[in-house]
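To convert, note that position 246 of the sequence shown is 246 in full-length UniProt numbering; the numbers rise steadily by one, no gaps.
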Amino acid sequence: MTAVMNRLTDRPNWHVDVFDDEVVARWRQDSSASIAMNPLLSNRAWDWCVQELRDKATEFRQQGHIRVLDTGSCVCKSDHVPALRTGELASEFRRAVRPVLRSLMHSGLLDWRSRRRLSIVDAALFPLVYGRSLVLTDGGRVDIEDVLGAYEGATTLAPTHVDKRTDSADVQRQIEKAQWLSVGVNANYKTAPHYRWSANYQALPSEVEFVGHTGSTQVRLTSYINNLHPVHQNLYRAIEKLIGRAIPLWNDCLVLGQRGWRDIMNQGQLGPVPLRIITYGVEWENELP
């Protein structure tokens, strides 16, 4: 049911058409939306989906986004946020990116990832290198207004990290075996956490602070974005607006982790929306042909 609602909310103008009974009837019979014609989806289940979609359409009109695949966890979907294809923010990004592109073209550093995809700002390029990069200590910070000047007091090397990935050969064999069997790799082995972070490098994050009145999602970047010179202030401002527009979606689909959530036997409420069906065990009844 959640998959059906997710597919239907991909249709243009769905939040209007869902209140038109004739359109809804065509949805049910539309062969292109085969998921809605699934024989496992009864008429009563379909009616439930339609009524829930009408509730979601009301929410969409009020806040510009909805939650889909919502059963415990969820995904936020919007036709307007962050609105990078059309609209004022899209135009602002295009204007702000032009000077960056010109600078990359003049220096011969255009990074084409494919025929149609160009990496303009690669935040993972030139990362922090443990045991080599200089870092600020005792509360020192890189001020966006004076990036190079802030590093004059950096005399301490970033501490080295012990590489605990001692069973990498065994992990590689698991990956190759899983690819051959077309199955996933088990991530529950005890050394799995060692492979989530590099012992050699760390991408440099950017600091963001909230500004404006209480409850506002307006933000300001307080440190530079790696590989984007602060001279490009117009692009910084556009990115701030993009982050601000994404925050309401994050608020609707992310939750703060709690103690005990790693317990696979915990069948309680773990996500931001109620679970639809809670199961505590399965009993299989094999039927002979």
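Every residue, glycine too, gets a C-beta built ideally from N, C-alpha and C.
In chain order, what residues of the same chain lie with their CB nearer than 7 Å to the CB of residue i, ignoring the 5 residues before and after it?
| i | result |
| --- | --- |
| Val147 | Tyr224 and Pro230 |
| Ile66 | Thr9, Lys56, Glu59, Phe60 and Lys77 |
| Arg276 | Thr71 |
| Gly271 | Gly72, Ser73, Cys74 and Val255 |
| Ala45 | Met1 |
| Ile144 | Leu221, Thr222, Ser223, Tyr224 and Pro230 |
| Arg115 | none |
For residue i, does the three-state DSSP call read helix, strand or coil?
| i | result |
| --- | --- |
| Ser119 | strand |
| Arg113 | coil |
| Tyr130 | coil |
| Ile225 | strand |
| Glu283 | coil |
| Val255 | coil |
| Ile278 | coil |
| Thr58 | helix |
| Gln174 | helix |
| Val147 | helix |
| Arg165 | coil |
| Val50 | helix |
| Gln63 | helix |
| His93 | Just to set this straight, residue 93 is Phe in the shown sequence, not His. Of the three classes helix, strand and coil, the one that applies to Phe93 here is helix, per DSSP. |
| Lys77 | strand |
| Leu101 | helix |
| Leu69 | strand |
| Arg220 | strand |
| Thr155 | coil |
| Val142 | coil |
| Glu207 | coil |
| Val135 | strand |
Note down, in chain order, each residue of its chain lying with its Cβ closer than 6 Å to the Cβ of residue i, except the 5 sequence neighbours on either side.
| i | result |
| --- | --- |
| Ile243 | Val219 |
| Ser234 | Here the sequence assigns Asn to residue 234, which means Ser is not the residue at that position. For Asn234, where only same-chain residues beyond five positions count, the Cβ hits under 6 Å are Ala96. |
| Val211 | Gln218 and Arg220 |
| Thr160 | Tyr130 and Gly131 |
| Asp111 | Ser119 |
| Asn226 | Ala123 and Leu204 |
Assuming the contact rule is C-beta atoms closer than 8 Å, residue i and residue j should be a hit. Round their C-beta distance to whole Å, please.
| i | j | result |
| --- | --- | --- |
| Ala158 | Gly131 | 7 Å |
| Thr217 | Pro248 | 6 Å |
| Thr156 | Leu128 | That pair is no contact at about 12 Å. |
| Ala124 | Ala203 | 5 Å |
| Leu89 | Ala238 | 7 Å |
| Asn6 | Val68 | 4 Å |
| Val162 | Ala150 | With a Cβ gap of about 29 Å, Val162 and Ala150 do not count as contacting. |
| Val18 | Val24 | 6 Å |
| Arg173 | His194 | Contact flag wrong, Cβ pair sits at about 16 Å. |
| Val4 | Leu41 | 6 Å |
Near residue i, which residues of its chain fall below 8 Å by C-beta distance, leaving aside the five closest residues on each side in sequence?
| i | result |
| --- | --- |
| Val100 | Ile120, Val121, Leu228, His232 and Leu235 |
| Asp167 | Thr191 |
| Between the region 199-212 and the region 110-121, do at least 3 Cβ pairs fall closer than 8 Å? | no
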